[in-house]
Each structure stands twice: as structure tokens, then as C-alpha cells.
Amino acid sequence: MKFPEASIAQLKEILSAPKKIVIVTHRNPDGDALGSSLGWKFFLEKLNHEVSFVSPNAFTQNLKWIQGTEEVLVYENEIGKKLCEAKITTADFIFCLDFNALSRIEALGDVIKNAPAKKIMVDHHQQPEDFAVIAFSNTKYCATAEMLYDIIADLEQTDLLDQRISECLYVGLATDNGFFQFNNTTPNALRVAASLVEKGAKPEYVSEKVNNVFRETRLRFFGYCLNEKLKLVNNGTVAYILVTQAEIKKFNLQGGDSESLVNYPFKIEGVQVSAYFSEEPDIIKISFRSRGEVDVNTFARAHFEGGGHRNAAGGKSKIGLEKTEKKFLEALQTLNIKQ
Ligand code: 5GP
Ligand code: MN
């Protein structure tokens with residue numbers, strides 16, 4: 186048993202008779218958010234529940250290939266919002282997957298908070314909010330998908346895992362640990378991966394779909410950023426890239442196109458922190474990554490209204506690119522970077 190017996194018993198009881206269930210995940214859903222939610226949806230459907238999956242906003246084109254994305258309800262525009270609200274307000278249970286604070290899903294957070302349904306959280310980020318009747322929250326897990334696999338195992342229902350569920354969960358698992366490269370790649374993550382592959386997930390297929398399907402303009406944008414925009418400071422320990430709206434337009438970038446760029450500077454020996462700043466219409470969205478003990482979660486929380494994990498976090502800024510860069514350079518002094 187990987188999770189508290191009482192929580193698993195409670196969940197087992199809930200799932201023992203058909204329920205109306207809504208699954209919701211975080212804004213700008215990534216591979217783990219989508220893979221976990223869809224895998225869990227298909228699993229619950231096998232148990233005869235009526236399941237809807239609500240995403241706070243549209244997911245990016247590069248994730249559309251994941252099985253079941255045509256079934257996602259998006260909380261955008263009048264019709265979409267009405268449909269989502271109808272599902273949420275009449276649900277018996279709402280699973281909140283891959284996020285742990287209702288503030289992360291903005292307006293949808295209030296709809297969920299006010300819904301009579303009981304909330305169940307499954308998440309691997311730090312500092313969870315207290316809004317769920319059952320909270321599966323554990324930062325040792327590299328992905329929510331890995332947690333869901335262990336929950337399914339604790340429920341003694343791995344026999345229900347088919348190719349589709351396994352592939353969805355594998356997408357979540359592999360994307361959140363950089364295809365088994367990051368320091369969250371634990372023995373358990375590898376064991377779960379092995380089980381999912383046994384059940385039909387195809388590592389090569391998923392890797393190709395996620396990593397090697399760039400549009401030409403996206404790869405050229407990466408090249409441009411690395412060649413012309415990358416700055417190295419702090420004796421070469423900190424690398425960052427600032428991208429303007431004009432550049433995003435020039436390269437005709439779509440949502441998700443900058444994904445993974447923030448990892449490239451680590452190819453330079455000695456880099457311990459990498460940051461990527463993207464100027465969006467009203468805010469600057471920031472991705473932080475670090476190596477080892479350097480804690481960008483605390484850094485993002487303290488300075489950029491964000492959070493995440495120790496080595497991978499995000500945040501935002503509303504003071505323009507120039508001032509944001511200055512603030513970042515000053516705030517760097519608070520990071521414990523060994524020279
Ligand atoms: P990414 O840089 O890939 O968008 O996000 C890296 C990690 O930080 C993910 O685990 C993501 O959930 C988290 N994260 C990204 N942006 C935010 C934010 O604005 N607030 C919080 N709390 N976490 C974030
Ligand atoms: Mn995740």
C-alpha cells in the first residue's frame with residue numbers, strides 16, 4: 186500500500202457505485218495534466234461512472250494527439266463555460282488533478298469551490314491548499330500520473346489498465362521527468378513506467394510524439410533564442426532568455442511552442458539556474474528550472490507569484506520585461522548558488 190489506508194478505503198467506497206464525476210486540472214495543461222486526467226477518466230469510465238473532464242483553457246496543439254483530447258470540455262467562451270458549469274454544479278465528486286490550489290485555475294476555482302460536490306485532490310506539488318475531503322498529496326512523486334497508477338494499484342484494479350489508459354498515464358509520467366532524465370526519476374517512477382509499458386504504452390511512440398514533432402518555425406525560434414537571446418550571468422551559473430511579443434509573433438509561435446526551451450541552457454557546463462520569460466499580452470509568464478539544491482519553487486513564490494517544485498517552477502510578472510529582468514537579477518542574490 187503506497188497511500189494511507191483510510192484514504193484508499195474512502196476512495197474505494199466512493200467508487201463502489203456509479204457517480205457523476207468531474208475531473209479538473211490546471212491552466213495551460215501540460216502532458217501530466219492531460220495524460221493524468223484522461224487516463225483517470227478512462228479508468229473511472231471502466232468502473233461505470235459518468236465522467237467529464239474540464240480544462241480551464243485550451244490545451245496546446247502539440248498535445249492534441251493524446252487519446253481522448255476530443256472529449257475535453259474547455260472553460261472558455263459562453264457555451265463552453267455553461268457546459269462546464271452544468272457538469273460541475275451537478276457532480277457528486279470533483280477530482281482535482283495535478284494542482285493543489287484553486288487560485289491556480291482562476292475563475293473556474295470559484296465555480297469549483299462553490300459546487301456542492303466533494304473534492305478529491307491528487308497532486309505532487311508543494312504546499313497544498315486545504316479544500317479536498319481526500320487529499321493525495323506527495324511531493325516525492327515525479328508526476329500525478331505516477332500517483333494515479335499507485336492509487337489504482339492500492340485499489341487492486343491494475344487489471345483494468347488497458348492500452349489507452351496506460352498510454353495516457355505514461356505521457357504524464359514521462360513528460361514530468363523529462364523522459365527519465367530529471368532527479369525526480371525514482372525507482373518507483375521506473376517501476377510504474379515498466380508496468381505501463383507492460384500494459385501497452387509505447388515509449389518510442391510517446392517520445393516521438395512529444396519531442397520530435399516541432400514545426401520548423403519552432404525549431405528556428407529555439408535556435409534564435411539560444412544564439413541571440415540567451416544571457417549568462419553570475420559567473421555562468423545562471424542563464425536566462427527574455428522573449429518579446431514581437432518575437433513571438435515574428436516566429437508565429439503557438440501555445441506550447443516554447444515548452445522545453447528553458448532546459449537547453451543546462452547543456453552549458455556550470456549552469457545551475459535557467460529562466461525563460463515570455464511577454465504575453467497582459468503578463469510576463471516565467472519558467473524557472475534549477476539543478477540540485479537550488480530551490481526555484483521558493484524563489485518563484487517569494488518574487489514572482491508562482492511556485493511548483495524545487496527544480497521546476499513557474500511564475501508571473503506584471504511590470505514589463507525590462508523591470509522584470511532587473512527584479513530577477515536582484516532577486517538572484519537570494520538564491521543559494523554555489524560558485
Ligand atoms: P512550467 O515552467 O513548465 O510552466 O512549470 C513548471 C512547474 O511549475 C510546473 O509544475 C507547474 O505546475 C508549476 N507552475 C508554473 N507556473 C506556476 C504558477 O504561476 N504558480 C504555481 N504555483 N506553479 C506554477
Ligand atoms: Mn505534474
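Per my numbering, the sequence shown starts with residue 186, numbered consecutively. Just so you know, even glycine gets a beta-carbon here, dropped at the ideal spot from N, CA and C. From a predicted model like this one, the values you see are computed outputs, not experimental measurements.
N-terminal and C-terminal residue of the alpha helix (DSSP H) that residue i is part of
i, result
"G500", "Element bounds for G500: not the alpha helix (DSSP H) but the beta strand (DSSP E), A497 to S502."
"R349", "Q348 to D361"
"S380", "P372 to E383"
"V481", "V481 to H488"
"E235", "Careful: E235 lies outside any alpha helix (DSSP H), inside the beta strand (DSSP E) at E235 to S240."
"K187", "Unbroken run through K187: none, as it is neither H nor E."
"A516", "G505 to A516"
"I336", "T329 to D339"
Proximity of residue i and residue j at Cβ, strictly below 8 angstroms
i, j, result
"T509", "F473", "no"
"T360", "G216", "yes"
"H234", "K204", "yes"
"N396", "E331", "no"
"N213", "V398", "no"
"F367", "L375", "no"
"D335", "F188", "yes"
"L381", "R403", "no"
"G253", "K226", "yes"
"L517", "L427", "no"
"A498", "S459", "no"
"P241", "E291", "yes"
"S322", "M306", "yes"
"K251", "L223", "The residue you asked about is not Lys; residue 251 is Ile in the sequence shown. Cβ atoms of I251 and L223: closer than 8 angstroms."
"Y355", "A378", "yes"
"I337", "F278", "no"
Buried or exposed (CB count within 10 angstroms, at least 16 for buried), residue i
i, result
"D283", "buried"
"S392", "exposed"
"Q457", "buried"
"S221", "buried"
"S237", "buried"
"E444", "buried"
"G357", "buried"
"Y326", "buried"
"N285", "buried"
"E255", "exposed"
"D339", "buried"
"G134", "Here the chain has residues from 186 to 524 only, and residue 134 is not among them."
"L352", "Reading off the sequence shown, one finds Glu at residue 352, where the question assumed Leu. Counting Cβ neighbours within 10 Å, E352 comes out buried, since at least 16 surround it."
Backbone CA spacing between residue i and residue j [nearest angstrom]
i, j, result
"L168", "V207", "A query on residue 168 cannot be resolved here, the shown segment of the chain reaching from 186 to 524 and no further."
"D347", "K384", "6 angstroms"
"K298", "A271", "14 angstroms"
"F484", "T519", "8 angstroms"
"K414", "G441", "19 angstroms"
"V209", "K249", "17 angstroms"
"E490", "V447", "19 angstroms"
"I319", "Q312", "15 angstroms"
"R349", "E190", "28 angstroms"
"M432", "E465", "According to the sequence displayed, residue 432 carries Glu and not Met. So the alpha carbons of these two residues sit roughly 11 angstroms apart."
"F513", "K452", "22 angstroms"
"M186", "E341", "10 angstroms"
Residue interval of the beta strand (DSSP E) (run including residue i)
i, result
"R474", "I469 to S475"
"A191", "No beta strand (DSSP E) holds A191; the alpha helix (DSSP H) holding it covers E190 to L200."
"K304", "K303 to D308"
"S222", "Here S222 belongs to no beta strand (DSSP E); instead the alpha helix (DSSP H) covers G216 to K231."
"S288", "Neither: S288 is in no beta strand (DSSP E) and is coded neither H nor E."
"Y425", "V423 to V428"
"A320", "I319 to S322"
"Y461", "V458 to E464"
"V391", "Element bounds for V391: not the beta strand (DSSP E) but the alpha helix (DSSP H), P388 to N396."
"K205", "K205 to T210"
"K416", "K416 to V418"
Heavy atom of the ligand MG within 7 angstroms of residue i beta-carbon
i, result
"G224", "Ligands in the displayed structure: the ligand 5GP and the ligand MN; the ligand MG is not one of them."
For residue i, the residue or residues it bridges with in DSSP
i, result
"L411", "DSSP lists no partner for L411."
"L258", "V239"
is_contact[residue i, chain C] using C-beta, thresh 8 angstroms
i, result
"A431", "No chain C is present in this structure, which holds just one protein chain."
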